[in-house]
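Below is one structure, written out as structure tokens; the observations come after it.
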Amino acid sequence: ACSFCFSKFRITRTRYTTTNNNKMQRSESTTAATLILPNEVIMEILLRLPVRSLMRFKSVCKEWNNLISDAQFAKFHLKQSNENNNFNHERLMFVHVSLYSIDFEGSNEVTKLDYPTNNNVCNCSLNVMGSCNGLLCMSPAEDVIFLWNPSTRMSMKLPSSPPIEFPSSSCRCSSVLYGLGYDSIADDYKLVQVVLFDSEDFQTQVKMYSAKTGSWRRIQDFPFDFPYGRHGVFVNGALHWMVSLWSGSFHYHMVAALDLAEETYRLVQIPDCEYEKFYFDIGVLGGCLFLFCCSNEISFDLWVMKEYGMTESWTKLRITIPSITGLEAYGYLKPLSLTKKGEILLRIGAQKLILYNMEEETLRYLVIQGMPEQFETVIYVESLISPNANNYIDVQYQ
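Note that UniProt numbering numbers the sequence shown so that position 55 is 55, with each residue one more than the last.
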């Protein structure tokens, strides 16, 4: 039986005997032995390995396969990865007609990913609607939504959300936003759908999908003016969107947060930015919420909330981009990730990636062989988290 047999080795025993003429005679015998390590030691070793290695080790024996496939092991491995600063488990995904993944702090080698619906759905309209703990929420076609773990190649098609209930016959749907996050209280991954109606009174309709129950339900509608941007940003148990608010004739920006456990909304105070800034965006860097704003083509303010919920913890970082980047030709700038070297990975428009050194105020292009000419990007972490909390039979492997 395997029972966590770590390795086999051979023991050679040497024996000396005396012959009739008083001479020593040497004889050797060799036997095989097995080194047995305690389960706790095996667990500690496996928890420190990358996902790609663990996926290969599932074939070592039944016991290892069961352990690596266990939901609790997946949680422990994710926690270990997040706490280990020397362990890089973030990857950059390019979303184009096809999907590509790269370890941008490693070899820069591009890997083409086989999306679960490649064989029967056109990827030309592929929409990535959220990323959380290694799970991606993807929509390859209208009314088709998948939860997908590209590291384990497991996917699950979600049931269709209930039909939209229009407030009136003259009301139309202007856009639909999503957000994927994790409710640590209920140990549940949740997908939020925000339907925005084309109406003067900013009406919305919000639904939530629970991976644990496998169903959708209505929750409280968005209590603020329309969220803008794309999809929700998950930080500290809540999804976040930028919102524009009015106080009389005064227009200002705030961040709206939806707590996934309490299912309540709140406003997050942003720093005192210069309100002539014409572009605002939010995201996550190093596990912290950030606000990104700019007023011209070469200078940008990056505010990082180092302690979530503490307004005074907003820290300002100035990013100055030389004109050689051609930013004016490629459009907006988007922070993507913070590297172990302290560089910020940024996307310029839909065609370029740069690494910006904040201390030296220098930048370098990230040149990647095989990268598509135009692309969308999403950062995800490698994990063993299953897209289906209940292991239903519709979980698919590639």
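Ideal Cβ positions, reconstructed from N, Cα and C, are used throughout, including at glycine.
Sorting 197, 286, 243 by C-alpha distance to the C-alpha of residue 341 places 286 at the top. The alpha-carbon of residue 387 is positioned some 12 Å away from that of residue 182. In the three-state DSSP reduction, residue 205 falls in the strand class (E or B).
Secondary structure of residue 39 (DSSP, three-state): helix. In terms of CA proximity to residue 362, 345 leads the group 345, 351, 377. Distance check between residue 204 and each of 190, 223, 216 places 223 closest, using alpha-carbon atoms only. Ranking 307, 293, 308 by CA distance to the CA of residue 301 puts 293 first. Taking C-alpha positions only, residue 36 is separated from residue 59 by approximately 19 Å. Around the Cβ of residue 347, a 10 Å sphere holds 16 or more other Cβ atoms; the residue is buried.
Each residue's CA atom was taken as its position, placing residue 174 and residue 291 some 25 Å apart. Ranking 135, 308, 220 by CA distance to the CA of residue 265 puts 220 first.
As DSSP reads the structure, residue 357 sits in a beta bridge with 343, 362.
Excluding five sequence positions before and after residue 184, the CB atoms of its chain that fall closer than 8 Å to its own CB belong to 237, 261, given in chain order. If you draw a 10 Å sphere on the C-beta of residue 112, you find fewer than 16 other C-beta atoms in it, and that means exposed. DSSP places residue 54 in the uninterrupted alpha helix (DSSP H) bounded by 51-57.
Nearest in C-alpha terms to residue 139, of all of 105, 163, 133, 99, is 99. DSSP places residue 270 in no beta strand (DSSP E); its state is neither H nor E. Taking all protein chains shown into account, residue 68 has 16 or more neighbouring C-beta atoms within 10 Å of its C-beta and is therefore buried.
Taken atom to atom, the span from the alpha-carbon of residue 202 to that of residue 226 is near 6 Å.
Sorting 254, 188, 303 by C-alpha distance to the C-alpha of residue 315 places 303 at the top. Spatial neighbours of residue 382 in its own chain (CB-CB distance under 7 Å, excluding positions within 5 residues in sequence) are listed in chain order as 50, 51, 89, 91, 134, 151. Residue pairing by DSSP puts residue 376 in a beta bridge opposite 95. Across the structure, residue 364 and residue 358 are spaced so that their CA atoms are roughly 12 Å apart. With a contact defined as Cβ atoms closer than 8 Å, residue 367 and residue 284 miss out at about 25 Å. Beta-bridge annotation (DSSP): residue 239 is paired with 234, 258. For residue 102, the closest of 369, 239, 136 by C-alpha to C-alpha distance is 369. Around the beta carbon of residue 335, 16 or more other beta carbons lie within 10 angstroms, which makes this residue buried. With fewer than 16 other beta carbons inside 10 angstroms of its own, residue 246 counts as exposed. DSSP lists 137 as the beta-bridge partner residues of residue 130. Secondary structure note for residue 222: it is in no beta strand (DSSP E), with a DSSP letter that is neither H nor E. The beta carbon of residue 354 sits closer than 6 Å to those of 346, 363, 365, all from its chain and outside the five residues before and after it, given in chain order. A straight line joining the alpha-carbon of residue 187 with that of residue 378 spans about 24 Å.
Rounded to the nearest angstrom, the Cβ distance from residue 128 to residue 95 is 6 Å, consistent with a contact under 8 Å. As the crow flies, the alpha-carbon of residue 241 is around 23 Å from that of residue 166. Within its own chain, the residues whose Cβ lies closer than 6 Å to the Cβ of residue 268, once the five positions on either side in sequence are excluded, are 255, 257, listed in chain order.
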